[in-house]
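Below is one structure, written out as C-alpha cells; the observations come after it.
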Amino acid sequence: GEDVEQSLFLSVREGDSSVINCTYTDSSSTYLYWYKQEPGAGLQLLTYIFSNMDMKQDQRLTVLLNKKDKHLSLRIADTQTGDSAIYFCAEENNNDMRFGAGTRLTVKP
Amino acid sequence: EAQVTQNPRYLITVTGKKLTVTCSQNMNHEYMSWYRQDPGLGLRQIYYSMNVEVTDKGDVPEGYKVSRKEKRNFPLILESPSPNQTSLYFCASSGTGAGEKLFFGSGTQLSVL
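Those protein sequences? They're chains A and B, same order as listed. For the numbering used here, add 1435 to where a residue sits in the first sequence, where the first one is 1. For the numbering used here, add 3 to where a residue sits in the second sequence, where the first one is 1.
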C-alpha cells in the first residue's frame, strides 16, 4: 500500500529552526498537510499545500514540496517551547487521507 | 463554535463487552471518518462516510462497525472488543469540496482489559 514516512523524534534548542521531513509514495496526492498534536489534545491543522505548489509560507512556518522526490518538509523558524508537540504529515487523494507516524518535536530551553 | 465532539474521552472496558464511541459534528459536513492512533504507526483509518447511509472501510476496519443514520453523527461500535483494540481513537469531519480540511475531535483513549 501507499506509505507516508517521517522520522519519529527531533530535538532542537529554543530559538533555532526546526525542520521536520516527510516522504510519501502516492504521486496522485492532491493536498499535503501538516497537523500538530499537543499532549492530551486532538489534531490541529497547521498548514497545507496543494500538490502543484513548491513552497508555502505562513508566519513562522514554511512548507517545501519536492513532488519529483515525493518529499515534504515543515520548517519552523525561531522554535519556541510551545512548539513542542507531535507533528503529523498527511497526504490526501480524493478524500482518502494517509498519515505518517508523527514526529515528536522537543524544544529545549 | 464549530467542533467535532467525541464521547467518552476515556474508557476502560473488558474483552467482549460491546461499546459505542459517539461522534458528533455541528458543521453540516458530509464526510466523517474514524482513525486509531498507535505509537509508531501514526493514524490509521478505520471507516469513513461520504454522506448519510454511505459508509466504507478504511485501512483497518476489522472488529469495528459504524453507522451514519444522520449527517451530524457517526458512532463507532465495537461489538466484541479485544485487547488489540486498545488505542487512541479520533473522529474527524470535513466538507467534500476541493481543499476542504479535516476537523478532529479531542480523541477517546480506550483500554480493553
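Glycine residues also receive a C-beta, built at the ideal position from the N, C-alpha and C atoms. Note that the structure is a prediction, hence the values are computed from the model and not measured.
Local Cβ density within 10 Å of Y1483 of chain A, reported as buried at 16 or more and exposed below that: The sequence position of residue 1483 of chain A within the first sequence is 48, counting from 1. It is buried - the Cβ of Y1483 of chain A has at least 16 other Cβ atoms within 10 Å.
Note down the Cα distance separating G1552 of chain A from T1538 of chain A, rounded to an integer number of angstroms. The requested residue 1552 of chain A does not occur in the structure, where chain A is confined to residues 1436 to 1544.
Which one of A:A1525, A:F1485, A:L1540 and A:E1473 has the shortest CA to CA distance from T1460 of chain A? Locating residue 1460 of chain A in the first sequence gives position 25, counting from the first residue. For the residues A:A1525, A:F1485, A:L1540 and A:E1473, the minimum Cα distance to T1460 of chain A belongs to A:A1525.
Buried or exposed for K1471 of chain A, going by 16 or more other Cβ atoms inside 10 Å? The residue you call residue 1471 of chain A lines up with position 36 of the first sequence. So K1471 of chain A counts as buried.
Which residues DSSP lists as bridging H32 of chain B, in chain order: Mapped onto the second sequence, residue 32 of chain B falls at position 29. None; H32 of chain B has no bridge partner.
Residue-level contact to chain B via CB, L1507 of chain A, 8 Å cutoff: Counting from 1 along the first sequence, the entry for residue 1507 of chain A is found at position 72. No, because no Cβ of chain B sits closer than 8 Å to the Cβ of L1507 of chain A.
Under 8 Å from the C-beta of G43 of chain B: neighbouring residues of chain A: For the purposes of this step, residue 43 of chain B is identified with residue 40 of the second sequence, where counting begins at 1. Neighbours of G43 of chain B on chain A, chain order: L1443 and A1536.
Out of B:G110, B:K104, B:S109 and B:T89, point me to the one whose CA is closest to V17 of chain B's CA. Against the second sequence, residue 17 of chain B aligns to sequence position 14. The residue with the shortest Cα to Cα distance from V17 of chain B is B:T89.
How would you list, in chain order, the residues of chain A whose beta-carbon sits under 9 Å from the beta-carbon of Q48 of chain B? Stepping through the second sequence from its first residue, residue 48 of chain B is reached at position 45. What Q48 of chain B touches in chain A: D1531, M1532, R1533 and F1534.
Could you check where the beta strand (DSSP E) with D59 of chain B kicks off and where it finishes? Position 56 of the second sequence, counted from the first residue, corresponds to residue 59 of chain B. Element bounds for D59 of chain B: V57 to K60.
Could you tell me whether the Cβ atoms of N31 of chain B and K74 of chain B are closer together than 8 Å? Within the second sequence, the letter at position 28 stands for residue 31 of chain B. Within the second sequence, the letter at position 71 stands for residue 74 of chain B. Yes. Within cutoff.
Give the DSSP-derived three-state secondary structure of Q1472 of chain A in the structure shown. Here residue 1472 of chain A corresponds to residue number 37 of the first sequence, with the count starting at 1. Q1472 of chain A: strand per DSSP, three-state reduction.
Is the distance from the Cβ of A1536 of chain A to the Cβ of L1478 of chain A below 8 Å? Position 101 of the first sequence, counted from the start, is the residue given in the question as residue 1536 of chain A. Position 43 of the first sequence, counted from the start, is the residue given in the question as residue 1478 of chain A. Against a cut-off of 8 Å, the Cβ pair of L1478 of chain A and A1536 of chain A comes out as no contact.
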